[in-house]
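Single-structure report; data block below.
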Amino acid sequence: MSRTRKAAAVSLSAAICASALVGGLAGVSYAQDDNGVAGESAPEIITQAREAFEKAPSMRVNIERTGVQKGDVTHTDLAMDREGNCKGTATFEGEGGFEIIKSGERLWFKPDAAWIKAQIPGKEGTEAADELAGKYLEGTTKDKDIREVAAVCDIGVYQEAVRDGVDAPLRKHGTTTVNGTHVVELTGREEGKQVTLDVATTGEPYPVRISTEGPGDEGETTAITYGEQVRPEAPPAADTVPWEN
Numbered sequence: 093m094s095r096t097r098k099a100a101a102v103s104l105s106a107a108i109c110a111s112a113l114v115g116g117l118a119g120v121s122y123a124q125d126d127n128g129v130a131g132e133s134a135p136e137i138i139t140q141a142r143e144a145f146e147k148a149p150s151m152r153v154n155i156e157r158t159g160v161q162k163g164d165v166t167h168t169d170l171a172m173d174r175e176g177n178c179k180g181t182a183t184f185e186g187e188g189g190f191e192i193i194k195s196g197e198r199l200w201f202k203p204d205a206a207w208i209k210a211q212i213p214g215k216e217g218t219e220a221a222d223e224l225a226g227k228y229l230e231g232t233t234k235d236k237d238i239r240e241v242a243a244v245c246d247i248g249v250y251q252e253a254v255r256d257g258v259d260a261p262l263r264k265h266g267t268t269t270v271n272g273t274h275v276v277e278l279t280g281r282e283e284g285k286q287v288t289l290d291v292a293t294t295g296e297p298y299p300v301r302i303s304t305e306g307p308g309d310e311g312e313t314t315a316i317t318y319g320e321q322v323r324p325e326a327p328p329a330a331d332t333v334p335w336e337n
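Sequential numbering of the sequence shown, starting at 93, is according to this note's numbering.
This is the structure we're talking about:
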């Protein structure tokens, strides 16, 4: 595996880990009847939110992070489903970003020049950036290294993060609306950070948003739209480079 492709795998693995630690979900795409969750205790609300999230057939994950160090994820916008389809982008503090497309077992990965140069310094990085300018690396998840890259599109990773990651001692803080969706709000503190969890009170009790603030200018918020059809389109053959090359 070339240094370019190895760097891609390593950095994407780091990206998914950072994304999974984020707890923010917003933007349920539809509203139905009151689901009764607002009348439950805080622990029960969290349990129902986790269960609903784990059953979601598809989602679009939009993560925004502030106060991060160079190389950390600052933004992701990824749509994915249980059928293995995915498309979206990710950017890193001071180090560019990439586009990723996945259709079943097939995957295309398009890093920009800044991202490549950040992973491969010096002349070699410049040459790699020139070689891959405007190109997608193409392969399938039958390749171990491709599977590492594809982890960023694994809906199960995000579901596991929500299942295991909402551990702050939260208390009910009343009801409000988030992006037009009625929610019950829970708040608390964990490791010096203010945590706010909003859960939809109509339709499925999806976690609508979890935001963390502090210390300093650090912050994380993730937006999720549920039920979106994910229809990735393969890039033109002329714009692709075989992964093994």
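Ideal Cβ positions, reconstructed from N, Cα and C, are used throughout, including at glycine.
Taking 4 residues as the minimum length, the alpha helix (DSSP H) runs contained wholly in the stretch 203-229 are 205-211, 214-223, in order along the chain. Annotation for D237: the continuous alpha helix (DSSP H) segment containing it runs 236-242. Annotated three-state conformation of R323 is coil, per DSSP. In this structure, the straight-line span from the alpha carbon of P213 to that of I193 is close to 26 Å.
Between L262 and T279 a beta carbon distance of about 6 Å is seen, short of the 8 Å cut, so the two are scored as contacting.
Inclusion of A144 and P297 in the CB contact set at 8 Å is warranted, their separation being smaller than that value.
The beta carbon of V276 sits closer than 7 Å to the beta carbons of V129, A130, I137, K264, T267, V291, T293 from its chain, once the five residues preceding and following it are set aside; these are given in chain order. Every beta strand (DSSP E) stretch that sits fully inside the stretch 240-306 and reaches 3 residues is listed by chain position as 263-270, 273-282, 285-292, 299-305. Remark: fewer than three beta-carbon pairs, one from each stretch, lie closer than 8 Å, so the stretch 159-175 and the stretch 220-227 are not flagged as touching.
Boundaries for P328: no beta strand (DSSP E) harbours it, and the DSSP string shows neither H nor E there. Put simply, the backbone Cα of M151 is about 17 Å away from that of E191. The Cβ atoms of T168 and A148 lie no closer than 8 Å to each other. In the DSSP annotation of this structure, the continuous segment of the beta strand (DSSP E) that includes K194 starts and ends at 189-195. Under the rule that a run must span 4 or more residues, the alpha helix (DSSP H) segments found entirely inside the stretch 117-158 read 134-147. Going by C-alpha positions, T317 is about 12 Å away from I155. Judged by DSSP secondary structure, K179 falls within the beta strand (DSSP E) whose first and last residues are 178-184.
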